[in-house]
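Comments concern the structure below.
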Amino acid sequence: MGKSLLDNLLTQKRSPEHRTEIAISPRVSCGGNRLMLVAGPCSVESEEQMQECAEVLSKAPVQALRGGVFKPRTSPYSFQGLGEEGLQILSESGKQHGMPVIAEVMSAKQLEEAHDSLDVLQIGSRNMQNFELLKEVSQAKKPVLLKRGLAATIEEFLMAAEYIMAGGNQDVILCERGIRGFDSMTRNVLDLGAVAVLKQMTHLPVIVDPSHAAGRHELIADLARAAVACGADGVMIECHPQPRKSISDARQALSLEEMTELVKSLAAVAAAIGREVSVVSEQPIVAK
Ligand code: PEP
Ligand code: MN
Numbered sequence: 001m002g003k004s005l006l007d008n009l010l011t012q013k014r015s016p017e018h019r020t021e022i023a024i025s026p027r028v029s030c031g032g033n034r035l036m037l038v039a040g041p042c043s044v045e046s047e048e049q050m051q052e053c054a055e056v057l058s059k060a061p062v063q064a065l066r067g068g069v070f071k072p073r074t075s076p077y078s079f080q081g082l083g084e085e086g087l088q089i090l091s092e093s094g095k096q097h098g099m100p101v102i103a104e105v106m107s108a109k110q111l112e113e114a115h116d117s118l119d120v121l122q123i124g125s126r127n128m129q130n131f132e133l134l135k136e137v138s139q140a141k142k143p144v145l146l147k148r149g150l151a152a153t154i155e156e157f158l159m160a161a162e163y164i165m166a167g168g169n170q171d172v173i174l175c176e177r178g179i180r181g182f183d184s185m186t187r188n189v190l191d192l193g194a195v196a197v198l199k200q201m202t203h204l205p206v207i208v209d210p211s212h213a214a215g216r217h218e219l220i221a222d223l224a225r226a227a228v229a230c231g232a233d234g235v236m237i238e239c240h241p242q243p244r245k246s247i248s249d250a251r252q253a254l255s256l257e258e259m260t261e262l263v264k265s266l267a268a269v270a271a272a273i274g275r276e277v278s279v280v281s282e283q284p285i286v287a288k
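With the numbering used here applied, the sequence shown corresponds to residues 1 to 288, in that order.
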């Protein structure tokens, strides 16, 4: 019988206790006992928007700040992101509030441009099987947040992670963000079964993005709590100071106040399963 694709993988657990904790910044990690909560807007729109996000979210406390600067939009006529300017705004807002920052890169050129400004490099769903891009980030010196493809099997998802690890970058965080289904009531189908499978099969941290899964702000809190309850190492959630005015993905954005409330209930769920969320006083203070 031929060898299965799933034999001897770098992602594979070597014992039931084997798990990898990835350092994101001196004070933030992903995959340990503490959850990594990531929040921020779908797209970086302005300095004011990002400053307000970082200010409120760092106190929630959310551990890392997200914001798209190169946006993978279905239509070429939709807002494509602020690019270089957005990168600077994101990086500066994160620094001022002691939060590591995460944004998506879609090409080798964007990777080169963004590498030094970002703490985590996001590979979006649409690029999960862009093997050349995976090889590029495998050479990067930063952790990679790999999102599951729009209709990728768990095996394909793991193989994408293998590309990054085999190329030399062991710091891969897997992100379940919903897969295509037949029902239009939610944007995608959040596959919490995949989270349980990935946590059992791999030693890598697994986080959940309920925003792109649900597509509707009123569903996000319930899905985020379910994700934590089923063993996710963190969540990534889109929020905005004026959610309905968000330039992209307005329908799924939480307000900063809603996000702050959600963190409290995530802390309660985490406590129920012996995990925790950092408390406010432990947030790093970084000098301006
Ligand atoms: C995002 O997180 O900004 C994003 C575009 O998500 P996805 O790649 O999961 O669609
Ligand atoms: Mn989005």
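Yeah, the Cβ is synthetic: ideal placement off N, Cα and C, and Gly gets one too.
What are the start and end residues of the alpha helix (DSSP H) that includes residue 225?
Where residue 225 is concerned, the enclosing alpha helix (DSSP H) stretches over 217 to 229.
Can you grab the Cα-Cα spacing for the pair residue 292 / residue 131, in whole Å?
Since the first residue shown for the chain is 1 and the last is 288, residue 292 is missing from the structure and cannot be characterised.
Please state whether DSSP places residue 88 in a helix, a strand or coil.
DSSP places residue 88 in helix when its eight states are reduced to three.
What does residue 104 pair with, by DSSP beta-bridge criteria?
Beta-bridge pairing links residue 104 to 122.
Bridge partners for residue 175 per DSSP, in chain order?
Answer is 147, 207.
Using the rule of at least 16 other Cβ atoms within 10 Å of the residue's Cβ for burial, across every protein chain shown, is residue 91 buried or exposed?
The residue is buried, with at least 16 neighbouring Cβ atoms inside 10 Å.
Can you determine whether any heavy atom of the ligand MN sits closer than 7 angstroms to the C-beta of residue 249, and answer yes or no?
Within the cutoff, so yes.
Roughly how many angstroms separate the alpha carbons of residue 267 and residue 117, rounded to a whole number?
So the two alpha carbons sit approximately 30 angstroms from each other.
Please confirm whether residue 36 and residue 60 have their CB atoms less than 8 angstroms apart.
Not a contact, by the Cβ cut-off of 8 angstroms.
How long is the line joining the alpha carbons of residue 234 and residue 220, rounded to whole angstroms?
The alpha-carbon atoms of residue 234 and residue 220 are separated by roughly 14 angstroms.
Helix, strand or coil: which one does DSSP assign to residue 285?
Unreliable positioning characterises residue 285 in this predicted model, as indicated by a pLDDT of 43, which lies under 50. A coordinate reading is not provided.
Leaving out five residues before and five after residue 227 in sequence, what residues of the same chain have Cβ atoms less than 7 angstroms from its Cβ?
Cβ within range, chain order: 192, 195, 208, 210, 235.
Quick one: Cα of residue 107 to Cα of residue 31, how far?
Cα to Cα, residue 107 sits roughly 27 angstroms from residue 31.
To the nearest angstrom, how far is it from the Cα of residue 14 to the Cα of residue 159?
Cα-Cα distance, rounded: 17 angstroms.
Is it the case that the Cβ atoms of residue 140 and residue 174 are separated by a distance below 8 angstroms?
The answer is no: Cβ separation not under 8 angstroms.
By the 10 Å Cβ neighbour count, where 16 or more other Cβ atoms means buried, how is residue 288 classified, buried or exposed?
Since pLDDT at residue 288 reaches only 37, below the 50 mark, its modelled position is unreliable, and the value read off the structure follows with that caveat. Classification for residue 288: exposed.
Evaluate contact between the stretch 255 to 262 and the stretch 7 to 26, counting only Cβ atoms and requiring at least three cross-stretch pairs below 8 angstroms.
Output reads no: the stretch 7 to 26 does not touch the stretch 255 to 262.
Just curious, the alpha helix (DSSP H) that residue 258 is in, first and last residue?
Segment 256 to 272, the alpha helix (DSSP H) holding residue 258.
Can you tell me where the beta strand (DSSP E) with residue 40 in it begins and where it stops?
It spans 36 to 40 - the beta strand (DSSP E) in which residue 40 sits, taken as one unbroken run.
Locate the alpha helix (DSSP H) running through residue 58, then write down its first and last residues.
Element bounds for residue 58: 47 to 59.
Quick one: what does DSSP say residue 19 is sitting in, helix, strand or coil?
The answer is coil: DSSP assigns residue 19 none of H, G, I, E or B.
In or out: residue 242 buried (at least 16 other Cβ within 10 Å) or exposed?
Exposed, because fewer than 16 other Cβ atoms sit within 10 Å of the Cβ of residue 242.
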